[in-house]
Amino acid sequence: MSLRGLRNHVAALTGTIALGIGVGWVAYKALGNGVSAAGDFPQFIIVTLNGLTLAGLYFIIASGFTLIFGLMRIVNMAHGSLYLLGGYIAFELQGEFSGAEGASTFGFGGGNVSYGDWLLPLVISCLTVGVVGLAMHQLFLRWNQGQDLRQALITIAISIIGADQMLAHFGGVAEDVNLPASLDTSLPLHIYGLTYGRFRLLVLLVAIVVGVLLVLMIKKTRFGMIVRAGVDDRAMVSALGVNIQLVFAGAFFLGAALAGLGGVFGGTMVALGPGEDSAFLLN
2 MSLRGLRNHV
12 AALTGTIALG
22 IGVGWVAYKA
32 LGNGVSAAGD
42 FPQFIIVTLN
52 GLTLAGLYFI
62 IASGFTLIFG
72 LMRIVNMAHG
82 SLYLLGGYIA
92 FELQGEFSGA
102 EGASTFGFGG
112 GNVSYGDWLL
122 PLVISCLTVG
132 VVGLAMHQLF
142 LRWNQGQDLR
152 QALITIAISI
162 IGADQMLAHF
172 GGVAEDVNLP
182 ASLDTSLPLH
192 IYGLTYGRFR
202 LLVLLVAIVV
212 GVLLVLMIKK
222 TRFGMIVRAG
232 VDDRAMVSAL
242 GVNIQLVFAG
252 AFFLGAALAG
262 LGGVFGGTMV
272 ALGPGEDSAF
282 LLN
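Residue numbering for the sequence shown follows my numbering, beginning at 2 and increasing consecutively.
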């Protein structure tokens, strides 16, 4: 075995041992008092679901960022601003649709909105944020492809300007997007008598669906193949008669729309307020 192969085996073994220790410690803390309802296991289930559903929210937001940065190699430091903008748009539209205009308190009083008052703002918000992202791409980023530092500086500037404008318009008080009464309830888990919020489980389900659809789109569709080929050799793809800039614009629109979708879910599950854009971008 070569020295390089030995190093790889040692690294893999070390990682496996570290993972085993971590899993063992978590299992001990969860099962130290047994798996009865009197022990810590029911609480462990709830904490695990909390982590999974929050990870699902992060995944929805990060999937758009990955599509733009990881696949198209465009440094978009304004992705957090698109997230927050999506949440605020849904908040404003819900106020218009539900007749709660001018509400400056935290939410509108939960359960007082219909499915349409939540779903329609979600759709409009995704499309609007997608258009905003598309405009940002066409005006500022299309002309700086392959220039990572310039892209980062431009999008940081856009993020700062966007944060100030949202603070001026929406204020510094935390707000949220309200759920219909049927989604603002708990679902029985049929184990230890536990219940869990329907909406948080919905977020996890949507994250799984988004992940599967993105993989299928990138790997199996002509659109995904063109995007991957265009990033590697833009000139060759263009020579084959493909409008690569139009394809890139569509991919950026989709990535921004996913940020808007995450903003609506985040505004419903967590909160909307100054600093949430940078917090979610870093997370």
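Think of the CB as a built atom: it goes at the ideal place given N, C-alpha and C, for glycine as much as any other residue.
Since the model is a prediction, treat every value here as computed from it, not as a measurement.
- Under the three-state reduction of DSSP output, leucine 83 falls in the helix class.
- Of all alpha-carbon atoms in Thr186, Ala236, Ala13, Gly256, the one lying nearest the alpha-carbon of leucine 135 is that of Gly256.
- A residue is called buried when at least 16 other Cβ atoms come within 10 angstroms of its Cβ; histidine 10 does not meet this threshold and is exposed.
- Here glycine 256 carries a helix assignment [DSSP, helix/strand/coil].
- Note: threonine 196 is bridge-paired with Pro189 in the DSSP secondary-structure output.
- According to the DSSP assignment, tryptophan 119 belongs to the alpha helix (DSSP H) that extends over 116–137.
- Annotation: the continuous alpha helix (DSSP H) that includes isoleucine 155 extends over 149–171.
- Leaving aside the five residues that flank glutamate 277 on each side, the residues in its chain whose CB is nearer than 6 Å to its CB run, in chain order, Leu85.
- For isoleucine 69, no alpha helix (DSSP H) segment is defined, and its DSSP state is neither H nor E.
- Between valine 130 and leucine 83 the beta-carbon gap is near 5 Å, inside 8 Å, which marks them as a contact.
- Considering only Met270, Pro122, Leu140, the residue with the shortest C-alpha distance to alanine 175 is Met270.
- Alanine 250 places its beta carbon 8 Å or farther from that of valine 238.
- By the C-beta criterion, the segment 39–54 is judged to be in contact with the segment 198–209, since at least 3 inter-stretch pairs fall below 8 Å.
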